[in-house]
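Taking it in order: structure first as structure tokens, then the write-up.
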Amino acid sequence: MSRDRLPPLSALRVFEAAARHESFKHAAEELFVTPGAVSQQIRLLEEHVGVELFVRDGRRVVLSDAGKASSIILKEAFEKMFEATRVMRQTQQKGRVTVSVAPSFAAKWLMPRLGDFSAANPDIDVWVSADMATTDFAVSDVDLAIRYGTGNYNNVNVEHLLVEAVLPVCSPALFDAAPIRKPADLMHHTLLHDVSSDLDPSDPDWAMWLKGHGVDGVDPSRGPRFNQSHMVIEAAVAGRGVALAKRTIAEADLRAGRLRGLFNEKDAPVSFGYHLVWPQTREPSLAQTRFMDWLRAQARDGGHATASPQDRPVFAAQGI
328 MSRDRLPPLS
338 ALRVFEAAAR
348 HESFKHAAEE
358 LFVTPGAVSQ
368 QIRLLEEHVG
378 VELFVRDGRR
388 VVLSDAGKAS
398 SIILKEAFEK
408 MFEATRVMRQ
418 TQQKGRVTVS
428 VAPSFAAKWL
438 MPRLGDFSAA
448 NPDIDVWVSA
458 DMATTDFAVS
468 DVDLAIRYGT
478 GNYNNVNVEH
488 LLVEAVLPVC
498 SPALFDAAPI
508 RKPADLMHHT
518 LLHDVSSDLD
528 PSDPDWAMWL
538 KGHGVDGVDP
548 SRGPRFNQSH
558 MVIEAAVAGR
568 GVALAKRTIA
578 EADLRAGRLR
588 GLFNEKDAPV
598 SFGYHLVWPQ
608 TREPSLAQTR
618 FMDWLRAQAR
628 DGGHATASPQ
638 DRPVFAAQGI
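The opening residue of the sequence shown carries number 328 in our numbering; numbering runs sequentially from there.
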């Protein structure tokens, strides 16, 4: 096939998405079009190349042999095009780093520190994308990510950055207004629930914490729930109740006196932690390297890093 007989790029893009998902519906959701539009583009592509790319299997579509063979090559081609586009942009934006961070970590840990980095590195602009989604470096402009979890992420470099632990906290005003000197006093207070880490079996909720401290007569199911850790912290600072807080997220408010720990309680470590993640497929730019080195230094200075620079593990684990 000559170059002037290449199919339309839009049809190839639709086919690549449909082949990757093996679903016209999911491809349509990714591309923000209708399943009918996906079906039409696939049909036009099949007419152009003269071969069937999908076959019906009951109520679902599956790739034909030709579809399977071509989709692998096409996926690699689109990844290279995305990478080429990223390089084009980077030549105009050599001093930019885009980092994807969970919203609570961004609000409570990264943002209060970011001014120091900018002051020391005025030639580097940091773009922060606050989201919880897994980053696909092949198709996004994100340079690196900080993720809370086990560290088992697919085909990327992963470096442990910070451990996490939980402790009960409340505002000083709430502490002074009503007796809250022992765990049993919690029966007189509203419990604030952080449900952002429900996937971490080691992260204690109020039911686990109360049981572990032998407290009866407190209903662990009551109280408001928040799916972002910083929202729980803000509720506690406002005096709305007592929270089981992540130490890393609550640290600034504890140091500033907006929160206080309770019962002389030691932090309860959890298995999840914060991990620095970046792609294996490209070397970090000088700006990215400087930003990652700064993150490592901040983690060490914050007292939560678990490894010295030479001991930090860098690996590519499987499964998320």
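Virtual Cβ for every residue (Gly too), placed ideally from N, Cα, C.
Is there a C-beta anywhere in chain B that falls below 8 angstroms from the one on Thr575? Of the protein chains in this structure there is only one, and it is not chain B.
Report the option in Val360, Arg627, Leu603 and Leu336 whose CA atom is closest to the CA atom of Val483. Distance check between Val483 and each of Val360, Arg627, Leu603 and Leu336 places Leu603 closest, using alpha-carbon atoms only.
Neighbourhood of Ser556 by C-beta, 7 angstroms cutoff - its chain only, sequence neighbours within 5 removed: Ser431, Asp521, Ser523, Lys573 and Ile576
Can you tell me whether DSSP reads Arg347 as helix, strand or coil? helix
Can you find a heavy atom of the ligand HEM that lies under 7 angstroms from the Cβ of Ala570? The ligand HEM is not part of this structure, which contains no ligands at all.
Mind checking Phe642: buried by the 16 CB within 10 Å criterion, or exposed? Since pLDDT at Phe642 reaches only 31, below the 50 mark, its modelled position is unreliable, and the value read off the structure follows with that caveat. Classification of Phe642: exposed, given that the 10 Å Cβ count is below 16.
Starting from the C-beta of Pro551, find all residues in its chain whose C-beta is less than 8 angstroms away, skip the five residues before and the five after it, and write them out in chain order. Thr517, Leu519, His520, Ala562, Arg567 and Gly568
Length of the line joining the Cα atoms of Ile507 and Met514: 9 angstroms
What's the call for Val597, buried or exposed, on a 16-neighbour Cβ count within 10 Å? buried
Whole-angstrom C-beta distance between Arg440 and Gln625, which should lie under 8 angstroms: 6 angstroms
Identified DSSP bridge partners for Ser427: Ser456 and Ala472
DSSP state of Arg383, grouped into three classes? It is a strand residue.
Under the three-state reduction of DSSP, which class applies to Phe553: helix, strand or coil? strand
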